[in-house]
Amino acid sequence: MGWTAGIKFTPGLLLLLLLPQRDCPRAAHAHSLCYDFTILPKASPGQSWCEAQGQVNEKTFLSYDCGSQEVKSLSLLGEEVNGTRAWQEQMETLRDVGNLLRQQLLDVKREKYTDRDPLPLQGRMLCQCEANGHTHASWQFGSQGQTFLLFDSENRTWKVLHPRGRQMKEKWESDREVTEFFRKISTGDCRSWLESFLVHWEKMLEKTASPTMAPATAQSRAMAITPIAWILLVTVLTSSLLLGLLG
Ligand SMILES: *[C@@H]1O[C@H](CO)[C@@H](O)[C@H](O)[C@H]1NC(C)=O
Ligand SMILES: *[C@@H]1O[C@H](CO)[C@@H](O)[C@H](O)[C@H]1NC(C)=O
Numbered sequence: 001m002g003w004t005a006g007i008k009f010t011p012g013l014l015l016l017l018l019l020p021q022r023d024c025p026r027a028a029h030a031h032s033l034c035y036d037f038t039i040l041p042k043a044s045p046g047q048s049w050c051e052a053q054g055q056v057n058e059k060t061f062l063s064y065d066c067g068s069q070e071v072k073s074l075s076l077l078g079e080e081v082n083g084t085r086a087w088q089e090q091m092e093t094l095r096d097v098g099n100l101l102r103q104q105l106l107d108v109k110r111e112k113y114t115d116r117d118p119l120p121l122q123g124r125m126l127c128q129c130e131a132n133g134h135t136h137a138s139w140q141f142g143s144q145g146q147t148f149l150l151f152d153s154e155n156r157t158w159k160v161l162h163p164r165g166r167q168m169k170e171k172w173e174s175d176r177e178v179t180e181f182f183r184k185i186s187t188g189d190c191r192s193w194l195e196s197f198l199v200h201w202e203k204m205l206e207k208t209a210s211p212t213m214a215p216a217t218a219q220s221r222a223m224a225i226t227p228i229a230w231i232l233l234v235t236v237l238t239s240s241l242l243l244g245l246l247g
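Using the working numbering, read the sequence shown as starting at 1 and increasing by one per residue.
Put into structure tokens, the structure is as follows:
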């Protein structure tokens, strides 16, 4: 049976397909959404203590100061998605992540009775959709360009890459709330924003297609309707599922 036919005509089947893994829609290419955080737990006055940069498919589209909550669009995509619901939700979550990471760093300092200020922390959240619909979500933590610690959100596994990551691993591994926070944001929120941003990404690709290639463009536009409609449907369903599960 055609996979697309199942989606178009059998909403019940769609739910069944989605529920267990919350896979991404199949697409022509792999896609990713990633946020890089830099946290300075002891920023000097006037210095930003939390910055986040967002990338879709490795292209930076957003810069956000999680402390002052100032936001900049850094690409056409950023301008295009400005004002969407995903955009707004993303800001709130990035701010929460910034606050949590800063608090965690300050906790470590207090718990370990050290006078040294903690190192600036770099955190990267990544969610990916492969072309076959498989998903990956992970976090990386480190400092000064070096990665110390990995968290695989799909199987909730921590991996220390550098001795400096050990302390955070011990702290977070035993903290269910923090682990769940990292997992849910990367496998849930991040993925749903990615799906929402991809709708605009595809529209922009269509817009920037050369007019001299009109016949080919017309054809690809007709073909593009299905993935876009599919992504919208998935986004709506995932959101309502999440609301149902969380609310
Ligand atoms: C988003 O759009 C609003 C309204 O058009 C504009 O005032 C604001 O500067 C935009 N924000 C970004 C980050 O581009
Ligand atoms: C979790 O997944 C990663 C790859 O995504 C793998 O390297 C690791 O071995 C897995 N860990 C467990 C405990 O399954």
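From the three backbone atoms N, C-alpha and C, an ideal C-beta is built for every residue, glycine too. Please read all numbers here as calculations on a predicted model, not as lab measurements.
Residue selection by CB proximity (closer than 5 Å to any heavy atom of ligand 2) returns Asp152, Asn155 and Thr157 in chain order. In the structure shown, glutamate 177 falls within a helical segment according to DSSP collapsed to helix, strand and coil. With contact defined as three or more Cβ pairs closer than 8 Å, the segment 149-164 and the segment 86-93 are not in contact. A buried status is given to aspartate 189, since no fewer than 16 other beta-carbon atoms sit within 10 Å of its beta-carbon.
Contact annotation: alanine 131 and histidine 29 have beta-carbon atoms nearer than 7 Å.
In this structure, Thr60 is the residue among Ile185, Cys50, Thr60 and Leu94 with its C-alpha nearest to the C-alpha of glutamate 79. For histidine 136, the uninterrupted beta strand (DSSP E) segment begins and ends at 135-143. By the CB criterion at 7 Å, phenylalanine 197 and valine 71 fall outside the cutoff.
Check the Cα spacing between cysteine 50 and each of Val178, Gln69, Met125 and Arg183: the tightest is with Gln69.
The DSSP-derived three-state label of cysteine 190 is helix. Excluding its 5 nearest sequence neighbours in each direction, glutamate 173 has C-beta neighbours in its own chain below 6 Å: Trp158, listed in chain order.
The beta carbon of leucine 101 is closer than 8 Å to those of Phe37, Ile39, Cys50, Leu121 and Gly123 in its chain, skipping five residues each way along the sequence.
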